[in-house]
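K.L.:
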């Protein structure tokens, strides 16, 4: 089975940097995904890591350490519109490629 | 390009009734997934289609749930008869047949069973 942990809530200030951590325990690993979800909307794909290291995409970066079962999502130059839930999901090594999700981190950006 | 669309966006039914949810994946995506988020819990996998075939249905809670994908295009998820614990948000996702296999999600159907 798989177990994924991430903080329930975080608060940060507009213009600042915030790091959202995700730890996982899995019997097989074939990639880690971060999604952003605004209330009532579809989860939107942000990033994908399958090898160790940092993936940068504009204001968002994601890091993975497979040996530590650890990832983080880094958001720079925070904007009010970044207030949303951020979902960490792991893909196992099976034929179905299903995603196992953490509970999500609700980020509130304050002025 | 249209994203994953789900219908209805919200459904309110009484315990014992039947409800059918529909998902239209992104055109050309062979893979289609159903997930569910029950109140206060994380999003959980239900099943996975590759074209019209069920690849993995290990997450289906019981035989009151029936998923179909006739013709390998849109999919339906029927709950019959619905129970109170079936309330939640049902998400559909689709992905192309590529190495990264990134799943793109719909906005979900919020099901309320009273």
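Residue numbers (this note's numbering), protein chains in the order written: chain Y, 11 to 121; chain B, 3 to 116.
Beta carbons are placed, not taken as given, at the ideal position from N, Cα and C, and that holds for glycine.
1) Does the beta carbon of residue 104 (chain B) sit closer than 8 Å to a beta carbon anywhere in chain Y?
2) Answer with buried or exposed for residue 108 (chain B), where buried requires no fewer than 16 other C-beta atoms within 10 angstroms of its C-beta.
3) Measure the C-alpha to C-alpha separation of residue 23 (chain B) and residue 46 (chain Y) and round it to an integer number of angstroms.
4) Please state whether DSSP places residue 58 (chain B) in a helix, a strand or coil.
5) Out of B:36, B:80, B:13, state which residue places its alpha-carbon closest to the alpha-carbon of residue 59 (chain B).
6) Taking just the CA atoms, how far does residue 88 (chain Y) sit from residue 64 (chain B)?
7) Tell me residue 81 (chain B)'s beta-bridge partners as DSSP assigns them.
8) Against chain B, does residue 88 (chain Y) count as a neighbour if the rule is that its beta carbon must be under 8 Å from one of theirs?
9) Is residue 28 (chain B) close to chain Y? Criterion is C-beta to C-beta, closer than 8 Å.
10) With three or more C-beta pairs closer than 8 Å as the rule, is the stretch 105 to 119 of chain Y touching the stretch 56 to 64 of chain Y?
11) Just the Cα atoms here: how many angstroms apart are residue 19 (chain B) and residue 84 (chain B)?
12) Let me check understanding here. Comparing Cα to Cα, which of Y:12, Y:28, Y:14, Y:115 lies closest to residue 71 (chain Y)?
13) Along chain B, in chain order, which residues have C-beta atoms closer than 9 Å to that of residue 109 (chain Y)?
14) Near residue 86 (chain Y), what residues of its chain come up, given a Cβ to Cβ distance below 6 Å and the 5 sequence neighbours on each side ignored?
P.N.:
In this structure, then:
1) Along the second chain, read from residue 1 onward, the residue named residue 104 (chain B) stands at position 102. Yes, its Cβ sits closer than 8 Å to a Cβ of chain Y.
2) On the second chain, position 106 is the one that residue 108 (chain B) refers to. Flag for residue 108 (chain B) reads buried.
3) Locating residue 23 (chain B) in the second chain gives position 21, counting from the first residue. Locating residue 46 (chain Y) in the first chain gives position 36, counting from the first residue. Rounded to the nearest angstrom, the two C-alpha atoms are 24 Å apart.
4) Numbered from its first residue, the second chain carries residue 58 (chain B) at position 56. Residue 58 (chain B): strand per DSSP, three-state reduction.
5) Looking up residue 59 (chain B) in the second chain gives position 57. Of the candidates B:36, B:80, B:13, the one whose C-alpha sits nearest the C-alpha of residue 59 (chain B) is B:36.
6) Taking the first residue of the second chain as 1, we reach residue 64 (chain B) at position 62. Taking the first residue of the first chain as 1, we reach residue 88 (chain Y) at position 78. Using only the alpha carbons, I get a separation of about 43 Å.
7) For the purposes of this step, residue 81 (chain B) is identified with residue 79 of the second chain, where counting begins at 1. BP columns for residue 81 (chain B) point to B:21, B:67.
8) Within the first chain, the letter at position 78 stands for residue 88 (chain Y). Output row for residue 88 (chain Y): interface = no.
9) On the second chain, position 26 is the one that residue 28 (chain B) refers to. Judged by the 8 Å Cβ criterion, residue 28 (chain B) is not in contact with chain Y.
10) no
11) As a first step, residue 19 (chain B) is located in the second chain; it is residue number 17 there, counting from the start. As a first step, residue 84 (chain B) is located in the second chain; it is residue number 82 there, counting from the start. Each residue's alpha carbon lies about 6 Å from the other.
12) Taking the first chain and counting its residues from 1, one reaches residue 71 (chain Y) at position 61. Ranking the options by Cα distance to residue 71 (chain Y), first place goes to Y:28.
13) For the purposes of this step, residue 109 (chain Y) is taken as the residue at position 99 of the first chain. Going along chain B in sequence order, the residues near residue 109 (chain Y) (Cβ under 9 Å) are 35, 37, 45, 47, 95, 105.
14) Along the first chain, read from residue 1 onward, the residue named residue 86 (chain Y) stands at position 76. Hits under 6 Å: 27, 69.
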